[in-house]
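One structure is given here, and the rest of the page talks about it.
There are 2 protein chains.
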Amino acid sequence: MTIIITAFERSPDGGKGLARDTRVRWALEEVGQPYEVRPVSFREKKEPAHLALHPFGLIPTYEEGDLALFETGSIVFHIAERHAGLLPGDANARARAITWMFAALNTVEPPILELSIAKILESDKSWSQERLPLVEDRVRNRLGQLSVRLGKADWLDGAFSAGDLMMVSVLLRTRPSGILNEFPNLAAYVARGEARPAYKRAFDAQLAQNTGKALTG
Amino acid sequence: MTIIITAFERSPDGGKGLARDTRVRWALEEVGQPYEVRPVSFREKKEPAHLALHPFGLIPTYEEGDLALFETGSIVFHIAERHAGLLPGDANARARAITWMFAALNTVEPPILELSIAKILESDKSWSQERLPLVEDRVRNRLGQLSVRLGKADWLDGAFSAGDLMMVSVLLRTRPSGILNEFPNLAAYVARGEARPAYKRAFDAQLAQNTGKALTG
């Protein structure tokens, strides 16, 4: 069955790969599943047709036959559960890989989202400059803990998994601020993720779409 | 095998059930699995023994034989996957229930966490009063979208699932601010969750522990 995902018609990041469709594209590339992309404009995101697919008016969504999903974590997990390559076979190792998916999305990403909001939505506020270091320190605190846990390992728990895919994707958002590079082992970890052929294909596909060179959609 | 979870020795909320161990207790009660609780003090949370279990120094954690997990989402999913009662049998319905777990944790909870931070960690800042309405509106926006999607249904997608367990738990945190009650269908949805016998048992257990009446740990 054809897999169809939605992505921004033009991502706000201009194709840096930070929009969440890149995470789903990456997962699909890791497991070798072809997919089609339906671009969604900022106006269409808030219209009934898209809201029926995604109640929060975000991207990406995932359609496969009569199954329709939203939420990147859920979509990546769905892909990882059905195709080999993103979750270990051993039951305990699998549960730990899933733990890292949730850790990326519910413990590491929230302060990173808060920093984006502070920089973008609150940049014109009177408190912006004074408050920013506080928010940056919250990101730094989380990354510090993660850096200690990763140590000298290549990936978070044995072989590359959906947990690493999600964590690398979340950490990529901290590179523009310079915070990622304060933790050399995390910067190297992200670079290992980006060096994977599947990531490169996913990145190139979203870049082509965002620069108007897409063949799909 | 004995299931052991960690919880605050004394929760900052004094036993209102908002600490995340309540989510895990609730899941275990729904599927009828007994468990033991190891209380962790604020000092112990940051010590090597606990950091080995939870790299971010948070609660809860989950131990079962040689499996050790952290992250509430991952723990609840692990319980839901292994025992009947929290995930539907139909593959598509199961994927949608998992979607709501991720939506609760990665889309609905982040603005709620931001509001808690604004109220607790930034209450003494010069910008606190001026900024608060902005943060509250972000919570209101998400809850408004969720309210539209829930409509008149009892649960988010058919029967009660781990997705509802997580969403009700996340929404409970918006009641003190009064925002939850601005959405009568969401307030009723949360009340339905709280009325479940398994929730009541979980709530009572954490309350007993936080008021010094616990028999476990």
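Same order as they appear, the protein sequences are chains A and B.
Using the numbering used here, the first residue of the first sequence is number 1435, and each one after it goes up by one.
Using the numbering used here, the first residue of the second sequence is number 1435, and each one after it goes up by one.
For each residue, glycine too, the CB sits at the ideal point set by N, CA and C.
Treat the numbers as computed from the prediction; the structure is a model and nothing was measured.
If the cut-off is 8 Å on Cβ atoms, which residues from the stretch 1488-1500 of chain B count as contacting chain A, listed in chain order?
If the cut-off is 8 Å between Cβ atoms, the stretch 1488-1500 of chain B has PRO1489, PHE1490, GLY1491, LEU1492 and ASP1500 near chain A.
What residues in the stretch 1508-1520 of chain A bring their beta carbon closer than 7 Å to a beta carbon of chain B?
For the stretch 1508-1520 of chain A, which is checked against every Cβ of chain B, the residues closer than 7 Å are SER1508, PHE1511 and HIS1512.
If you measure from the beta carbon of PRO1567/A to each beta carbon in chain B, is any gap under 9 Å?
Counting from 1 along the first sequence, the entry for residue 1567/A is found at position 133. No, PRO1567/A lies away from the interface with chain B (no Cβ there is under 9 Å from its Cβ).
Using only the alpha-carbon positions, how far apart do ASP1447/A and ARG1630/B sit?
On the first sequence, position 13 is the one that residue 1447/A refers to. On the second sequence, position 196 is the one that residue 1630/B refers to. Roughly 45 Å separates the two Cα atoms.
What residues in its chain sit with their C-beta under 6 Å from that of VAL1569/A, if we drop five residues either side in the sequence?
Taking the first residue of the first sequence as 1, we reach residue 1569/A at position 135. Cβ neighbours of VAL1569/A beyond the five flanking positions: GLU1548, LEU1549 and ALA1552.
How long is the line joining the alpha carbons of LEU1452/B and ALA1642/B, rounded to whole angstroms?
Working through the second sequence from its first residue, we reach residue 1452/B at position 18. Working through the second sequence from its first residue, we reach residue 1642/B at position 208. Cα-Cα distance, rounded: 14 Å.
Going along the chain, which residues of its own chain have a beta-carbon closer than 7 Å to the beta-carbon of ARG1530/B, five neighbours each way excluded?
The sequence position of residue 1530/B within the second sequence is 96, counting from 1. Only ASP1591 meet the Cβ criterion.
Counting only the same chain and skipping the five closest in sequence on each side, list residues whose C-beta sits under 6 Å from that of ALA1621/B.
Walking along the second sequence from the start, residue 1621/B turns up at place 187. Cβ within range, chain order: LEU1614 and ASN1615.
Just the Cα atoms here: how many angstroms apart are THR1650/B and PHE1637/B?
As a working mapping, residue 1650/B is identified with position 216 in the second sequence. As a working mapping, residue 1637/B is identified with position 203 in the second sequence. Unreliable positioning characterises THR1650/B in this predicted model, as indicated by a pLDDT of 49, which lies under 50. The coordinate reading is nonetheless provided below. Going from the Cα of THR1650/B to the Cα of PHE1637/B covers about 15 Å.
Please return the same chain residues whose Cβ sits closer than 7 Å to the Cβ of ALA1639/B, not counting the five positions on each side in sequence.
Here the question's residue 1639/B lines up with position 205 in the second sequence. Once the five neighbours on either side are set aside, the close Cβ partners of ALA1639/B are ARG1459.
With a cut-off of 8 Å on the beta carbons, I'd call VAL1510/B and LEU1599/B a contact; round off their distance for me.
Position 76 of the second sequence, counted from the start, is the residue given in the question as residue 1510/B. Position 165 of the second sequence, counted from the start, is the residue given in the question as residue 1599/B. About 7 Å separates the two Cβ atoms, so the contact holds.
Should PHE1476/B be labelled buried (16 or more other beta-carbon atoms within 10 Å of its own) or exposed?
Counting from 1 along the second sequence, the entry for residue 1476/B is found at position 42. So PHE1476/B ends up on the exposed side.
Just the C-alpha distance for TYR1633/B and PRO1610/B, rounded to the nearest angstrom, thanks.
Start at 1 with the first residue of the second sequence, and residue 1633/B comes out as number 199. Start at 1 with the first residue of the second sequence, and residue 1610/B comes out as number 176. Their backbone Cα atoms lie some 19 Å apart in a straight line.
Taking the DSSP output, what are the residues bridged to ARG1472/A?
Position 38 of the first sequence, counting from 1, holds the residue named residue 1472/A. ARG1472/A is bridged to THR1440/A.
Extract the residue ranges of the alpha helix (DSSP H) inside the stretch 1528-1582 of chain A, only unbroken runs of 4 or more that lie entirely within it.
DSSP runs (the alpha helix (DSSP H)) wholly in the stretch 1528-1582 of chain A: 1543-1554.
By the criterion of Cβ-Cβ separation under 7 Å, what are the contact partners of ILE1532/B in chain A?
As a first step, residue 1532/B must be located in the second sequence, where it is residue number 98. Simply SER1508 and PHE1511.
Should ILE1546/A go down as buried or exposed, given a rule of 16 or more other Cβ atoms within 10 Å for buried?
For the purposes of this step, residue 1546/A is taken as the residue at position 112 of the first sequence. Counting Cβ neighbours within 10 Å, ILE1546/A comes out buried, since at least 16 surround it.
Between ILE1602/B and the rest of its own chain, which residues show a CB-CB distance below 6 Å, the 5 nearest in sequence each way excluded?
The residue labelled residue 1602/B in the question sits at position 168 within the second sequence. A small correction: the amino acid at residue 1602/B is Val; Ile does not occupy that position in the sequence shown. Here the set comprises VAL1624 and GLY1627.
Below 8 Å on the Cβ atoms is my contact criterion, and I expect GLY1578/A with LEU1539/A to pass it. Report the Cβ-Cβ distance as a whole number of Å.
The residue you call residue 1578/A lines up with position 144 of the first sequence. The residue you call residue 1539/A lines up with position 105 of the first sequence. That pair is no contact at about 19 Å.
In chain order, what are the residue ranges of uninterrupted alpha helix (DSSP H) at least 4 long that sit wholly in the stretch 1611-1647 of chain B?
Runs found: 1618-1628 and 1631-1644.
For the beta strand (DSSP E) that PHE1504/B lies in, which residues bound it at each end?
Numbered from 1 along the second sequence, position 70 holds the residue referred to as residue 1504/B. 1501-1504 is the span of the beta strand (DSSP E), which, as asked, contains PHE1504/B.
Determine, using beta carbons only, whether SER1611/A comes closer than 9 Å to chain B.
For the purposes of this step, residue 1611/A is taken as residue 177 along the first sequence, with counting starting at 1. No, SER1611/A does not count as interfacial toward chain B.
Strictly below 7 Å CB to CB, what residues from chain B border THR1440/A?
The residue you call residue 1440/A lines up with position 6 of the first sequence. Correct list: empty, because the minimum Cβ distance to chain B is about 15 Å.
According to the neighbour-count rule (16 or more other Cβ atoms, all chains shown, within 10 Å of its Cβ), is ALA1537/A buried or exposed?
By 1-based counting over the first sequence, the position of residue 1537/A is 103. Buried: at least 16 other Cβ atoms inside 10 Å.
Find the nearest neighbour of ALA1596/A within the set LEU1584/A, LEU1605/A, PRO1494/A and GLY1519/A, judged by alpha-carbon distance.
Numbered from 1 along the first sequence, position 162 holds the residue referred to as residue 1596/A. Minimum Cα distance to ALA1596/A is reached at GLY1519/A.
Can you tell me whether DSSP reads GLU1498/B as helix, strand or coil?
Residue mapping note: residue 1498/B aligns to position 64 of the second sequence, counting from 1. Strand.
Could you spell out where the alpha helix (DSSP H) holding ARG1607/B opens and where it closes?
Here residue 1607/B corresponds to residue number 173 of the second sequence, with the count starting at 1. Per DSSP, ARG1607/B belongs to no alpha helix (DSSP H) and is neither H nor E.
Can you list, in chain order, the residues of its chain whose CB lies under 8 Å from that of LEU1663/B, leaving out five sequence neighbours each side?
Since the first and last residues shown for chain B are 1435 and 1651, residue 1663/B lies out of range.
Quick one: does THR1394/A have its CB under 9 Å from some CB of chain B?
Only positions 1435 to 1651 of chain A appear in this structure, which leaves residue 1394/A out of reach.
At a CB distance below 8 Å, what residues from the stretch 1452-1473 of chain A approach chain B? Give them in sequence order.
The stretch 1452-1473 of chain A vs chain B, Cβ under 8 Å: nothing.
Just how far apart, CA to CA, sit ILE1457/A and HIS1488/B?
As a first step, residue 1457/A is located in the first sequence; it is residue number 23 there, counting from the start. As a first step, residue 1488/B is located in the second sequence; it is residue number 54 there, counting from the start. The identity of residue 1457/A in the sequence shown is Arg, whereas the question assumes Ile. Straight-line Cα distance between these residues: approximately 25 Å.
Check whether the Cβ atoms of HIS1512/A and GLY1466/A lie closer than 9 Å to each other.
For the purposes of this step, residue 1512/A is identified with residue 78 of the first sequence, where counting begins at 1. For the purposes of this step, residue 1466/A is identified with residue 32 of the first sequence, where counting begins at 1. Contact flag unset, no.
Give the C-beta separation of PRO1473/A and PHE1442/A to the nearest angstrom, bearing in mind that I take them to be a contact with Cβ-Cβ under 8 Å.
Against the first sequence, residue 1473/A aligns to sequence position 39. Against the first sequence, residue 1442/A aligns to sequence position 8. About 7 Å; that satisfies the 8 Å criterion.
Hey, how far is the Cα of GLU1478/A from the Cα of GLU1497/B?
Reading the first sequence from its first residue, position 44 is the one you call residue 1478/A. Reading the second sequence from its first residue, position 63 is the one you call residue 1497/B. For GLU1478/A and GLU1497/B, the distance between alpha carbons rounds to 46 Å.
In this structure, how does DSSP classify VAL1458/A when only helix, strand and coil are distinguished?
Within the first sequence, the letter at position 24 stands for residue 1458/A. VAL1458/A falls in the helix class under three-state DSSP.
How about GLY1449/B and ASN1619/B: do their beta carbons lie closer than 9 Å?
On the second sequence, position 15 is the one that residue 1449/B refers to. On the second sequence, position 185 is the one that residue 1619/B refers to. Contact: no.
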